């Protein structure tokens, strides 16, 4: 009888595997999947410490892959209690009640790890832009992140989620929508450059031209499964 130490490495659900299956020195199965096995995906983007990694941990129905490491002394985190930072792509899978599976991709908030945002290049992925719900930070965050997510925004695959909200929910979402509208008049949403683009001019008396689908703006807590599921569903609404 062949010893367990020589059996082939298996792959599948984490609860069906043992330590031998997780040993990287065992051979990789020929039918192993490189990349996400799901047909749909959602990418979480936003500033450092806003809750992107927590989203993946909260919603994933399989053991997620985490890429957080201890932050350096030079890292500036808005939440002073934060001590770790994402340096790669966090990954999980959410199995919905109807059996479909959604890939969950958490990206790094620091610009020095911006290569992790390559997941935004997926033309079919939904995107959740997480922002701090502090009224004094909303405008600055939108200015920084809207150019990053202009493609999913134009295609109706973007949802903006506000975390760490301490004022009335209706007030902060209304404020964010207003600032978002103002920001969209300052950027070029086509193939041209973003920085320094001239504002869009609408003739007097004419209603605003609908140049893209409306973007949902909601308050959500990445620690609450129902909240994360809601923003994910909103992000993939055009692909459902």
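Numbering (the numbering used here), first residue to last: 743 to 982.
Here a beta-carbon is modelled for each residue, glycine too, at the ideal position from N, C-alpha and C.
Keep in mind that this is a model prediction, so the values were computed, not measured.
Since I believe residue 871 is in contact with residue 880 (beta carbons under 8 Å), could you give me their beta-carbon distance rounded to a whole number of angstroms?
-> Counted from its first residue, the chain shown places residue 880 at position 138. Counted from its first residue, the chain shown places residue 871 at position 129. Contact doesn't hold; Cβ gap of about 12 Å is too wide.
Taking 8 Å as the cut-off, does the stretch 790–802 touch the stretch 832–842 (at least 3 CB pairs, one atom from each stretch)? yes
message = Tell me which residue opens and which closes the alpha helix (DSSP H) that residue 880 is part of.
response = If you number the chain shown from 1, residue 880 lands on position 138. Taken as a continuous stretch (DSSP letters only), the alpha helix (DSSP H) holding residue 880 covers 880–887.
Contact check, residue 901 vs residue 785 under 8 Å by CB: the rounded distance? Your numbering for residue 901 matches position 159 in the chain shown. Your numbering for residue 785 matches position 43 in the chain shown. 11 Å between Cβ atoms; not a contact.
Could you give the residue range of the alpha helix (DSSP H) that holds residue 922?
For the purposes of this step, residue 922 is taken as the residue at position 180 of the chain shown. Taken as a continuous stretch (DSSP letters only), the alpha helix (DSSP H) holding residue 922 covers 911–926.
Fill in: Secondary structure of residue 805, DSSP reduced to three states
Along the chain shown, read from residue 1 onward, the residue named residue 805 stands at position 63. Correct three-state label for residue 805: coil.
Which of the three DSSP states, helix, strand or coil, is assigned to residue 843? Taking the chain shown and counting its residues from 1, one reaches residue 843 at position 101. For residue 843, the secondary structure class from DSSP, reduced to helix, strand or coil, is strand.
Under the three-state DSSP convention, the category residue 969 falls into
In the chain shown, residue 969 corresponds to position 227, counting from 1. Three-state DSSP puts residue 969 in a helix.
ask   = With respect to the alpha helix (DSSP H) encompassing residue 892, which residues constitute its N-terminal and C-terminal limits?
value = The residue given as residue 892 occupies position 150 in the chain shown. Note, residue 892: alpha helix (DSSP H), 892–896.
Review point. Roughly how many angstroms lie between the CA atoms of residue 787 and residue 910, to the nearest whole one?
Key: The residue labelled residue 787 in the question sits at position 45 within the chain shown. The residue labelled residue 910 in the question sits at position 168 within the chain shown. Distance between the alpha carbons of residue 787 and residue 910 is about 24 Å.
Tell me where the beta strand (DSSP E) around residue 834 begins and ends. As a first step, residue 834 is located in the chain shown; it is residue number 92 there, counting from the start. The continuous beta strand (DSSP E) containing residue 834 extends over residues 832–837.
Check your understanding: Going by Cα to Cα distance, which pick from 795, 928, 865, 907 is closest to residue 898?
Key -> Working through the chain shown from its first residue, we reach residue 898 at position 156. Closest by alpha carbon: 865.
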